[in-house]
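S.K.: Quick one: the structure is below, questions incoming.
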Amino acid sequence: MASCSLSSMKAEAENTTVPNWLELPRDITTNILQRLDTIEIVTIACHVCPLWWNICKDPLMWRTIRMTNLHHLQHKHLELVKICCYAIERSCGHLEDIDIQFFGSNDVLECIAINANNLRCMRLVYCRRISDEGLSLAVRNLPLLEEVDISFNMLNEDSLEALGRCCPRLKSLTFARMLCEHFGYGSENIGAFVIAETMPGLRHLNIEANKLTNDGLVAILDACPLLESLEIEACFNLNLTGRLGRRCHKQIKFLRLPIQYSEYSFNSDDDDDDNISYGDSLTDEDIYYPYDSDDDE
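Residue 896 in our numbering sits at position 81 of the sequence shown, with consecutive numbering throughout.
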């Protein structure tokens, strides 16, 4: 009886044995590792075993760099910059897509410019250490950029002009601003006329919470004939009750308008362009910025 019991226990143990990950084909292991966040690859995966270290040395592992999770904020700013630059340099020029939130800086941009001239997609969101000068210098070496998101930063028209003139393949631009900026001080049509002048090839444009006026929107629609997607939510200076609203619906396939027009009918022939009053409905979520400290320690 004891013998039978031991045999059954042994068989059960064999059936529940943890699989040996080292026996997986190399391409499958590579695919799994590429699904990790960049900081997890650099700080953990690289050190698991010689096989994983060897895979992580392959520049093709770094075609995409993604550092967007909020838990990264437990690391010091300079640590995140160091990890990001390490990954960029590891790509050896193969980097095509980079997505960063909160810690991006001019130092990161300089590293991208030196090591990633094949970059196609760049998202730098809530990176308030990036300056117009830093971005303008970097994009001179990034002529293949097609998709750029520089939302919720401290950037203005100089950055947009540099993008438009240095990146002729640009198809998608996201330049959303904090809603509180719309109600604060600042110029109308931030970047609208620069976009119209320098980015004729745009297919997608998001300029949410911009102080965009009808004149700025008309300039964009006239100068960007390929535009298929337009997001202008929280652009409260617009009056779309007349011809301009109907033109937007006719010209743009995917359209996201300020909330006051969400249920408005654009089939009317009424060309009344009277001003509309809008309610102030700011919430804490509208103005919350989770990483606003200048403490680099």
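Using N, Cα and C, we set each Cβ at its ideal position, and we do this for glycine too.
From F1008 to G1031, what does the alpha carbon distance come to, in whole angstroms?
M.R.: Straight-line Cα distance between these residues: approximately 6 Å.
S.K.: Spatial neighbours of V940 within its chain, please: C-beta separation below 7 Å, excluding the five flanking residues on both sides.
M.R.: Contacts found: Q916, D964, S966 and F967.
S.K.: I need the straight-line Cα distance from I945 to K1026, nearest angstrom please.
M.R.: Each residue's alpha carbon lies about 22 Å from the other.
S.K.: Identify which residue in L866, K872, A977 and G949 has its Cα closest to the Cα of Y901.
M.R.: Answer by Cα proximity: K872.
S.K.: With the cut-off set at 8 Å, would you say L959 and A928 are in Cβ contact?
M.R.: Going by C-beta atoms, L959 is not nearer than 8 Å to A928.
S.K.: Under 8 Å Cβ to Cβ from L848, same chain only, skipping five residues before and after it: list those, please.
M.R.: For L848, where only same-chain residues beyond five positions count, the Cβ hits under 8 Å are I856, A860, W867, I870, C871 and M876.
S.K.: Based on the DSSP secondary-structure assignment, which residues constitute the bridge partners of E962?
M.R.: DSSP output for E962 lists C936 and S987 as bridge partner(s).
S.K.: For N1090 and P874, what's the separation of their Cα atoms in angstroms?
M.R.: Unreliable positioning characterises N1090 in this predicted model, as indicated by a pLDDT of 41, which lies under 50. The coordinate reading is nonetheless provided below. Taking the straight line from one Cα to the other gives about 56 Å.
S.K.: What is the DSSP secondary structure of F917, reduced to helix, strand or coil?
M.R.: In this structure, F917 counts as coil in the three-state DSSP scheme.
S.K.: Can you tell me whether L1041 is buried or exposed, with buried defined as 16 or more other CB within 10 angstroms of its CB?
M.R.: Exposed is the call here.
S.K.: Going straight from the alpha carbon of L957 to that of C907, what length do you get?
M.R.: Their Cα atoms are separated by approximately 15 Å.
S.K.: Counting along the chain, where does the beta strand (DSSP E) carrying R881 start and finish?
M.R.: Segment T879 to M882, the beta strand (DSSP E) holding R881.
S.K.: Alpha helix (DSSP H) containing E855: first to last residue?
M.R.: T853 to T858 is the extent of the alpha helix (DSSP H) around E855.
S.K.: Could you give the C-beta distance for I1005 and G979, rounded to a whole number, given that I count them as a contact under 8 Å?
M.R.: At roughly 14 Å, the Cβ-Cβ gap does not stay under 8 Å, so I1005 and G979 are not in contact.
S.K.: Within 10 Å of its beta-carbon, does V896 have 16 or more other beta-carbons around it, so buried, or fewer, so exposed?
M.R.: The residue in question, V896, is buried, as its Cβ has 16 or more Cβ neighbours within 10 Å.
S.K.: Could you pull the start and end residues of the beta strand (DSSP E) that N1021 belongs to?
M.R.: H1019 to N1021 is the extent of the beta strand (DSSP E) around N1021.
S.K.: So if DSSP puts D912 in a beta bridge, which residue, or which two residues, is it bridged to?
M.R.: According to DSSP, D912 bridges with T879 and C936.
S.K.: Starting from F1069 and walking both ways along the beta strand (DSSP E), at which residues does that stretch end?
M.R.: Here the beta strand (DSSP E) through F1069 covers F1069 to R1071.
S.K.: Tell me the rounded alpha-carbon separation between A931 and E972.
M.R.: Approximately 24 Å, taken between the alpha carbons.
S.K.: Three-state secondary structure (DSSP) at R955?
M.R.: Of the three classes helix, strand and coil, the one that applies to R955 here is coil, per DSSP.
S.K.: Excluding five sequence neighbours on each side, which residues of the same chain lie with their C-beta closer than 8 Å to the C-beta of E904?
M.R.: C926 and N930, listed in sequence order.
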